[in-house]
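When we follow the working numbering, the leftmost residue of the sequence shown carries the number 145, and every step to the right adds one. Backbone N, C-alpha and C fix where the C-beta goes; we use that ideal spot for every residue, glycine too. These notes are about the structure you will find just below.
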Amino acid sequence: MSAPKTPPPQHLFTPRLSLELFSRDKPEHFEIMLACINNPIAYETMGDYGIKTKEQFMALNEHTLLTYPIAFDGMLVYIIHLKDKEDEAIGAVTLAQRNRKIPPDIGWAMLPAYMGKGYATEAAKEFLRWLTEDWELPVCTWPEETNRRSVRVAEKLGFVDGGVVRSVDGHGHGDTKEGEGEGELVKTWVLPGMKKLDEAGIVDISFWGEKNDDKK
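Written out as structure tokens, the structure is:
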């Protein structure tokens with residue numbers, strides 16, 4: 145476990161987009177994140193995570209900070225803006241670590257009005273480029289198999305079959321289930337050349353990360 149070579153950049157850019165590192169000092173950053181995960185399409189494709197306030201959003205991120213192979217005590221969330229409308233946020237890309245036994249996972253979320261335009265792929269591609277080139281991180285992803293849009297983004301980014309993990313979250317991504325071996329098997333995606341995540345056995349994960357005492 146080591147510290148990153150460089151801090152994350154404040155901005156990343158693509159031909160159509162600018163990505164701004166999340167700041168807890170900017171209320172509009174919380175607003176866009178909560179809007180992306182609390183809308184009818186998000187509920188249909190991802191479910192209701194129960195994250196309705198900035199405090200709940202911060203609690204999630206504090207439990208899913210990077211711990212391995214790089215330890216980073218800061219959020220890796222970028223707010224997506226259209227280049228020609230810098231004051232208009234349209235979505236976000238994220239990196240979170242649910243379990244030290246598997247690589248951190250990249251995610252993306254867009255406001256419904258901006259879905260289907262290639263923005264998620266464009267933003268995630270640049271974020272992934274920076275993560276793999278600058279920090280040399282192995283990265284996985286695990287969109288719901290029924291969420292065809294997100295699965296298509298994963299495919300466009302070059303991810304391949306990564307085996308399965310076991311989600312121990314209860315229905316609706318709420319409380320975790322007690323007892324090892326309980327839960328739902330979830331398909332994962334890894335980058336070419338990476339080992340499958342279940343190669344050494346199926347790992348239990350939670351959307352909410354590891355317990356604090358497990359990280360000591």
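Check	Outcome
LYS215, DSSP secondary structure in three states	This sequence places Ala at residue 215; Lys is not what is there. DSSP places ALA215 in coil when its eight states are reduced to three.
Nearest-angstrom Cβ-Cβ length linking LEU163 and PHE271, presumed shorter than 8 Å	7 Å
Burial state of ASP249 (16 or more Cβ within 10 Å)	buried
Span separating the alpha-carbon of GLN154 from that of ALA344	37 Å
Where PHE157 sits in the DSSP three-state scheme	strand
Sub-8 Å separation of ASN291 and THR208 beta-carbons	no
Contained alpha helix (DSSP H) runs [length at least 4] in the region 269-312, N- to C-terminal order	292-300
7 Å CB neighbourhood of ALA268 in its chain, flanking five on each side removed	VAL237, ILE250, TRP252, VAL297, LEU301
Complete runs of the alpha helix (DSSP H) confined to the region 169-246 [at least 4 residues]	171-181, 184-189, 198-206
Beta carbon of THR158 nearer than 8 Å to that of GLU266	yes
Residue range of the beta strand (DSSP E) that includes MET259	No beta strand (DSSP E) contains MET259, which DSSP labels as neither H nor E.
Simplified DSSP state of GLU328, which is helix, strand or coil	strand
Burial state of HIS315 (16 or more Cβ within 10 Å)	Confidence at HIS315 is low in this model, with a pLDDT of 47, below 50, so its placement is unreliable and no value can be given for it.
Distance between ARG273 and LYS149 (C-alpha atoms, nearest Å)	16 Å
Given MET177 as reference, the closest of PRO287, ILE185, PHE166, VAL283 once Cα atoms are compared	PHE166
Contact between the region 217-229 and the region 237-246 (3+ Cβ pairs under 8 Å)	yes
Whole-angstrom C-beta distance between VAL295 and GLU289, which should lie under 8 Å	7 Å
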